[in-house]
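Under UniProt numbering, the first residue of the sequence shown is numbered 1, with each subsequent residue one higher.
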Amino acid sequence: MKTFALRPPPDGGPDRPAPPTASADDGAVEALLGGLNPAQQEAAGTTEGPVMIIAGPGSGKTRTLTHRVAVLIAAKKAWPSQILALTFTNKAAREMRARVTDLVGDEAKGMWMGTFHSVFSRVLRREADKIGFSRNFTIYDSDDTERLLKELMTRYGVDPKRVTPRSVRSAISGAKNAQVGPDEYARLAGDPFTEAAARLYAPYNAALRQANAMDFDDLLGWPIRLFEQHPDVLKEYQRRWRYLHIDEYQDTNRTQYVLAKLLAAEHRNICVVGDDAQSIYAFRGADIQNILSFQKDYPEAKTIRLEQNYRSTQRIVRLADAVISGNTKQLDKTLWTDNSEGDPVILMEALSERDEAQKVERTIRDLRSRSGIGWSDVAVLYRTNAQSRSIEEALRRGGIPYRLVGGVSFYQRKEIKDALAYLRLAVNPSDEASLLRVVNTPTRGIGGKTVDQLRAYATEHRVGLWQAVQDPGGAGLSARAAKAVEGFGFLVSRFASKAQTAPADELARELIQETGLLQSYRDQNTPEALARLENIHELLNAVAEFAGGDPSGEPRTLSEFLQEVSLVADVDRLGDDDNRVTLMTLHASKGLEFKVVFVTGLEEGLFPLAKAAQDPTELEEERRLLYVGVTRAEEALYLSYARSRYRYGDQQSSVRSRFLDELDGDDLLRTESGGRFEARAGRFEPSAGGTGGYGDMSPDYWKRSLRPDSGPKRKTKRVASGEREVVYDEGESAIVPGVRVHHRSFGNGKVLAVEGAGERAAATVFFNSVGQKKLKLAFARLQVVE
């Protein structure tokens, strides 16, 4: 690519450079636009006024944006220092800068390019004195913030047993991102928690100022106040940044939206790039209305759609369009591709989450042996981190190397290690490492000084730490500390007495409940805490699954479970190479791509989440999340769900996700086996041997069996249930497991199971509105939905 140089700014200095006066390098501009498709050329070449680029997945968004910046420089529209590009990750900013540098040379180094927080922290360093801070202000991280809030809670009489510093931090962060100040937050407070947070909000801000510190949210909030209080400063930055670019605009929150609007108010040269269909961060404060309302904010804006997908096969692209078409709030666009037709998308049904994980593992091995794909070409995606446990175990057993993105290995997570430490103490109270880990987790008044006294007692009397715990009075502890240690020792002793005989699942569930771990995370009531709570429940699910897995029917002990966990962890010795299967949440997968993608756990209550099913706005975000997952796949896509899954220690029936019922059967095949994958071959062949029960069936069979209510309806149906036949009849169509039905009070649902005969016949139905219900057919008046 041709490079070119710009002469220094002729006037105004670096802070207020005038626009370049040299003539444009037409040859360079033509070369920059020549390698783009027509839509990309239009987006890169439209440099004046507001522009919204709707960029579908795999449509060359980054390429278009970097060429647009390069065109501005080549056309002499602006000095590099007059171009601001805002991203959401430092990685994205580095990639954009490197690409622009490749296109125009070292001149690109003068651009302002980075995350919102990094760019505006630089602004605040320059202008801090104008808002009462010094330029060497400290930026508090979450730990600093929580320590400060803990001190304030003591000072202002807020009970830490009812409100935690972490939950208050989360509440104040949400308020700051929504541009809600302390006074307004206090007026809106309507429950004990928000009232407590409101009492701390203003003192917290005052303490930050006194310490010459800002928290992460202040890095965006203070620039807005700076610009509002000092219009001359705003004017200076408007003149400095004549061209504003914002990547991933659908992920902006209220403060980011306001900052962008303030900066673009003079020149209105704002270019936003994004895809409303990939807006999946509402829980972080992202507001999809920012991109949906861009045309209202800038009526003269030009909208350009990048709809050609360069990543995926035609079948995957069509399925993605089918996924997102269920949303009502979206910008018009149609994704298409010139790529090959590709293989059908495979829908795998499993009996349980363990069966699902095993099917994923077998399919990955089959793909590698047949087509030679690398492990790193494969990604397994899931809705919640807790789902990784069964998948990790299956891959370990199968000898498949993997890496976990966005988190640590399931058994290495803090909350899991804490829970396992309690379980190990029940089996072996002399395990000092486990004792020290949880003696004050959750907080029970056994601080570092108390532990030091116990250790001194153990050393003096040449006994273990556990013996010292059993004699708190002899260790010279205060009455309060002795009572706390005595309570901890009694808890461990009580469960240790039955650890060798009690069923593993019953013992684990009761012990973890009484430790207070679960309640401590419930009390924090933050997204992070609830995720940790869900992970502990998943551990209990693993214990329950283990306890019921002995073919002899004999209950397995907790000691046996811990031994298996230790052996599994020891096998996990992966090399430093990157040739590993990637495991991650759907949220973490955004912006990535893989040849083969598995989207797992497509069940009601899990994906979409139960709470989202009750809120149309949240349900649309869940559908966008599935769209993101589907569009990560280049050549092969597998969707899966389990008919039952462990929840809170019990195995419960599951209903496949409503999202699957919205998909087009022409591009989706249902099978219990992985099938044969031929990269870019445009065909699908069943696996030999029928490993999953469908190996000898043709694709036509799978198409016919895709929908559970396909085939002729019969008025009466007999289904084997144990050793008896169940006979039931309801109206013109049979009420059988899998059919969709309508209830006059509960609305539409799906039949999970039917039992009994005659007047005793009953159906278990999962309703979209109220969840799972068990109804007697003689009175329910269910109607089959065709």
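Cβ atoms here follow ideal geometry from the backbone N, Cα and C, with glycine treated the same way.
Keep in mind it's a predicted model, so treat the numbers as computed, not measured.
{"Query": "Please classify residue 463 as buried or exposed, where buried requires at least 16 neighbouring CB atoms within 10 angstroms.", "Result": "exposed"}
{"Query": "Counting pairs of Cβ atoms below 8 Å between the region 397 to 405 and the region 429 to 440, do you hit three or more?", "Result": "no"}
{"Query": "The alpha helix (DSSP H) spanning residue 311 covers which residue range?", "Result": "From DSSP, residue 311 is part of no alpha helix (DSSP H); its letter is neither H nor E."}
{"Query": "Closest by CA to residue 838, which one among 585, 164, 386 and 367?", "Result": "In the structure displayed, the chain extends from 1 to 786; residue 838 sits before or after that span and is not available."}
{"Query": "In the DSSP assignment, the alpha helix (DSSP H) including residue 791 goes from what residue to what residue?", "Result": "With the chain running from 1 to 786 in the structure shown, residue 791 is simply not present."}
{"Query": "Taking the alpha helix (DSSP H) that residue 418 belongs to, which residues open and close that run?", "Result": "414 to 427"}
{"Query": "Please confirm whether residue 320 and residue 631 have their CB atoms less than 7 Å apart.", "Result": "yes"}
{"Query": "With a Cβ-Cβ cutoff of 7 Å, do residue 291 and residue 419 count as a contact?", "Result": "no"}
{"Query": "Taking the beta carbon of residue 228 as the centre, do at least 16 other beta carbons fall within 10 Å, making it buried, or is it exposed?", "Result": "exposed"}
{"Query": "If we count Cβ pairs, one from each stretch, closer than 8 Å, do we get three or more for the region 388 to 400 versus the region 605 to 613?", "Result": "no"}
{"Query": "Mapping the DSSP letters down to three states, classify residue 194 as helix, strand or coil.", "Result": "helix"}
{"Query": "DSSP on residue 341, reduced to helix/strand/coil?", "Result": "coil"}
{"Query": "Buried or exposed for residue 775, going by 16 or more other Cβ atoms inside 10 Å?", "Result": "buried"}
{"Query": "Please tell me whether residue 43 and residue 64 are closer than 7 Å, where the distance is taken between their beta carbons.", "Result": "yes"}
{"Query": "Is DSSP giving residue 752 helix, strand or coil here?", "Result": "strand"}
{"Query": "Quick one: using the 10 Å Cβ neighbour count with 16 as the cut-off for buried, is residue 497 buried or exposed?", "Result": "exposed"}
{"Query": "To the nearest angstrom, how far is the alpha carbon of residue 642 from that of residue 352?", "Result": "5 Å"}
{"Query": "Alpha carbon to alpha carbon, how far is residue 379 from residue 74? Give it in angstroms, no decimals.", "Result": "40 Å"}
{"Query": "Give the range of the alpha helix (DSSP H) segment to which residue 358 is assigned.", "Result": "353 to 371"}
{"Query": "Among 355, 282 and 736, which one has its Cα closest to the Cα of residue 754?", "Result": "736"}
{"Query": "Within 7 Å (strictly less), CB to CB, does residue 433 reach chain D?", "Result": "The chain labelled as chain D is not found in the depicted structure, where only one protein chain is given."}
{"Query": "DSSP state of residue 446, grouped into three classes?", "Result": "coil"}
{"Query": "Please specify which runs of the alpha helix (DSSP H), each continuous and at least 4 residues long, are wholly inside the region 46 to 108, giving them in chain order.", "Result": "61 to 74 and 90 to 104"}
{"Query": "What's the C-alpha gap between residue 427 and residue 504?", "Result": "11 Å"}
{"Query": "Measure the C-alpha to C-alpha separation of residue 221 and residue 578 and round it to an integer number of angstroms.", "Result": "40 Å"}
{"Query": "Report the residue from 336, 384 and 784 whose alpha carbon sits nearest the alpha carbon of residue 851.", "Result": "Residue 851 lies beyond the stretch modelled for the chain, which goes from 1 to 786, so this question has no answer here."}
{"Query": "Report the option in 78, 224 and 34 whose CA atom is closest to the CA atom of residue 116.", "Result": "224"}
{"Query": "Here's a check: name, in chain order, each residue in its chain whose Cβ is nearer than 7 Å to the Cβ of residue 746, leaving out the five neighbours to either side.", "Result": "767, 769, 770 and 773"}
{"Query": "Which residues in the same chain as residue 247 place their Cβ atom closer than 6 Å to its Cβ, once the five residues preceding and following it in sequence are excluded?", "Result": "87 and 273"}
{"Query": "Per DSSP, what kind of secondary structure is residue 154 in: helix, strand or coil?", "Result": "helix"}
{"Query": "Could you have a look at residue 704 and say whether DSSP puts it in helix, strand or coil?", "Result": "Only weak support exists for where residue 704 lies, its pLDDT of 31 falling under 50; the value from the coordinates is given anyway. If DSSP states are grouped into helix, strand and coil, residue 704 belongs with the helices."}
{"Query": "In the DSSP assignment, find the alpha helix (DSSP H) that holds residue 627 and state where it starts and stops.", "Result": "616 to 630"}
{"Query": "Per the contact definition of three or more C-beta pairs closer than 8 Å, is the region 291 to 310 in contact with the region 44 to 57?", "Result": "yes"}
{"Query": "For residue 123 and residue 344, I'd like the C-alpha separation in whole angstroms.", "Result": "51 Å"}
{"Query": "Among residues of its own chain, excluding the 5 on either side of residue 795, which ones have a beta-carbon nearer than 8 Å to its beta-carbon?", "Result": "Since the displayed the chain opens at 1 and closes at 786, residue 795 lies outside it and no answer follows."}
{"Query": "Going by Cα to Cα distance, which pick from 70, 348, 785 and 84 is closest to residue 657?", "Result": "348"}
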